[in-house]
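Q: Just dropping this structure here.
Number of protein chains: 2
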Amino acid sequence: MMEHNLQDTISLLCRTPAVLSALLRDLPEAWTLRSEGENTWSAFDVVGHLIHGERTDWMQRARIILQFGEARAFEPFDRLGHAREIQGKSLGELLDEFARLRAENLGELRGLNLGQEDLDRRGLHPALGVVTLSELLATWAAHDLTHLHQISRVMAHQYREVVGPWSRYLGVLQCAGHSSPS
Amino acid sequence: MMEHNLQDTISLLCRTPAVLSALLRDLPEAWTLRSEGENTWSAFDVVGHLIHGERTDWMQRARIILQFGEARAFEPFDRLGHAREIQGKSLGELLDEFARLRAENLGELRGLNLGQEDLDRRGLHPALGVVTLSELLATWAAHDLTHLHQISRVMAHQYREVVGPWSRYLGVLQCAGHSSPS
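Just so you know, the protein sequences line up as chains A and B, in that order.
Counting from 2, one number per residue, gives the positions in the first sequence under the working numbering.
Counting from 2, one number per residue, gives the positions in the second sequence under the working numbering.
Now the structure itself:
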């Protein structure tokens, strides 16, 4: 089994704002504002969700583990909390906000100088039960990837018809790997 | 049904090299060189495949449609052709090569000044049968997205164990949307 390497996790986490900016900034709204249907998210919504995670999920939960261990469960994450983040904002503003919050959070994470003993510390997830700080931080990176995966899929969905017979060759159009609340 | 807008397609196509560079350049090899198991691709392999497509697939097929219509079928695309592209190269070199070839191809595409009549022209795919130039160009963009989707999935796969119980919440770890030969 692969060990979790915190430097690999940070390497990925610090890139995501630039990746999303390169992909989405000034892209036509036909790509960024359309979803996969009712009650599904557009790329714009996903960036709002990532902002909400920076504010209320990852480092907040890391602090709870370090201060309270298993004695205090995390607050459940509000999957609809992104609605407040995106209201009245442009996609460019959201991308800037995400980059700012991510940089702040990674600054705090690096400042903690976590060693293996810290990474092994345990906390209590309200639904999943006991988790470690290592698992939380690895999930932060994998969560970026699940949403990059989702954004690619939501965007490709917009081309489902216009690719004609090629649709059967494009794996992204067969994807059923949708995420649940984290 | 959504109409294909060539400007939307070009907007996406011209971004992909910067997206992949932001995501992959100088990223630890634990992310970029690992695959999902035997006979599957790493992110590094995918960039080689994209290079091979720039050389032998999209604009080459567009030229065949414009010159020969349905009278001459496309060459079948060699899904293993990336092996030659990646041999002895670093990931940084591959990313540079992809960006150079993509810019050249988009320069040629823009130079064609395609109108609706051109986009409706038909060609012959060796397996799929009759396709249009519009479908070919839309597929070029959707193909970028299917490989961004794949790269996110292949990278997330490396964290399948280290995220612990969160694996059940991460849609990317449940994805079965793998691509076939194009």
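Glycine residues also receive a C-beta, built at the ideal position from the N, C-alpha and C atoms.
For residue 63 of chain A, which of A/52, A/53, A/75 has the nearest alpha-carbon?
A: A/75
Q: Given 8 Å as the limit, is there contact between the stretch 52-60 of chain B and the stretch 24-39 of chain A, that is, 3 or more CB pairs closer than that?
A: no
Q: Below 8 Å, how does it come out for the stretch 140-153 of chain A and the stretch 151-159 of chain B: are there three or more Cβ pairs, yes or no?
A: yes
Q: Quick one: what does DSSP say residue 74 of chain A is sitting in, helix, strand or coil?
A: strand
Q: Using beta carbons (cut-off 8 Å, strictly below), is residue 106 of chain A in contact with chain B?
A: no
Q: So, using beta-carbon positions, are residue 95 of chain B and residue 87 of chain B closer together than 8 Å?
A: yes
Q: Between B/126, B/91, B/141, B/127, which lies nearest to residue 110 of chain B when the distance is taken from Cα to Cα?
A: B/141
Q: CA-CA distance, residue 157 of chain A and residue 134 of chain A?
A: 35 Å
Q: Spell out whether any CB of chain A is found under 8 Å from the CB atom of residue 134 of chain B.
A: no
Q: Below 9 Å between beta carbons is the criterion; list the residues of the stretch 37-55 of chain B that meet it against any residue of chain A, in chain order.
A: none
Q: In this structure, what does DSSP give as the bridge partners for residue 123 of chain A?
A: Looking at the DSSP assignment, residue 123 of chain A forms a beta bridge with A/133.
Q: Alpha carbon to alpha carbon, what distance is there between residue 53 of chain A and residue 203 of chain A?
A: For residue 203 of chain A there is no data in the structure shown, the boundaries of chain A being 2 and 183.
Q: In chain B, which residues lie less than 7 Å from residue 114 of chain A when you measure between Cβ atoms?
A: Near residue 114 of chain A there are no residues of chain B at all, since even the closest Cβ is about 20 Å away, more than 7 Å.
Q: Leaving out the 5 sequence neighbours to the left and right, which residues in its chain are closer than 7 Å to residue 51 of chain B when beta-carbon positions are compared?
A: 99, 148
Q: Any idea what DSSP makes of residue 38 of chain B, helix, strand or coil?
A: coil
Q: Taking the beta carbon of residue 106 of chain A as the centre, do at least 16 other beta carbons fall within 10 Å, making it buried, or is it exposed?
A: Residue 106 of chain A sits buried, since 16 or more C-beta atoms from the chains shown fall within 10 Å of its C-beta.
Q: Between residue 130 of chain A and chain B, is the shortest Cβ-Cβ distance under 8 Å, so that the two count as touching?
A: yes
Q: For a cutoff of 8 Å on Cβ pairs, would you count residue 154 of chain B as touching chain A?
A: yes
Q: Taking Cβ positions, are residue 49 of chain A and residue 83 of chain A nearer each other than 8 Å?
A: yes
Q: Which word fits residue 124 of chain B, buried or exposed, when buried means at least 16 other C-beta atoms lie within 10 angstroms of its C-beta?
A: Classification for residue 124 of chain B: buried.
Q: Consult DSSP for residue 115 of chain B and reduce its assignment to one of helix, strand or coil.
A: coil
Q: Here's the rule: buried if 16 or more other CB atoms are within 10 angstroms of the residue's CB, otherwise exposed. What is residue 132 of chain A?
A: buried
Q: State the DSSP-derived secondary structure class of residue 9 of chain A, mapped to helix, strand or coil.
A: helix
Q: Less than 8 Å between the beta carbons of residue 101 of chain B and residue 66 of chain B, yes or no?
A: no
Q: Tell me which residues share the same chain as residue 15 of chain A and place their Cβ nearer than 7 Å to its Cβ, disregarding the 5 neighbours each side in the sequence.
A: 107
Q: Mind checking residue 30 of chain B: buried by the 16 CB within 10 Å criterion, or exposed?
A: exposed
Q: Taking just the CA atoms, how far does residue 77 of chain A sit from residue 128 of chain A?
A: Near 8 Å, if we compare the C-alpha coordinates of residue 77 of chain A and residue 128 of chain A.
Q: So residue 83 of chain A contacts chain B; which residues on that side make the cut at Cβ distance below 9 Å?
A: None at all; the shortest Cβ gap to chain B is about 16 Å.
Q: Might you give, ordered along the chain, the residues of its own chain that have their beta carbon closer than 7 Å to the beta carbon of residue 174 of chain B, omitting 5 neighbours on each side?
A: 157, 161, 168
Q: Taking a Cβ distance cut-off of 9 Å, strictly less, list which residues of the stretch 161-175 of chain B are near chain A, in chain order.
A: 161, 162, 163, 164, 165, 166, 167, 168, 169, 170, 171, 172, 173, 174, 175
Q: Expressed to the nearest angstrom, what Euclidean distance is found between the alpha-carbon atoms of residue 69 of chain A and residue 171 of chain B?
A: Residue 69 of chain A and residue 171 of chain B have their C-alpha atoms spaced approximately 26 Å apart.
Q: Given residue 38 of chain A, which residues of its chain have a CB within under 6 Å of its CB, disregarding the five upstream and five downstream residues?
A: A distance below 6 Å between beta-carbons, with the five flanking residues on each side excluded, links residue 38 of chain A to no residue of its chain.
Q: Which whole-angstrom value describes the C-beta separation of residue 24 of chain B and residue 20 of chain A, a residue pair presumed to lie in contact below a C-beta threshold of 8 Å?
A: Confirmed, Cβ separation roughly 5 Å.
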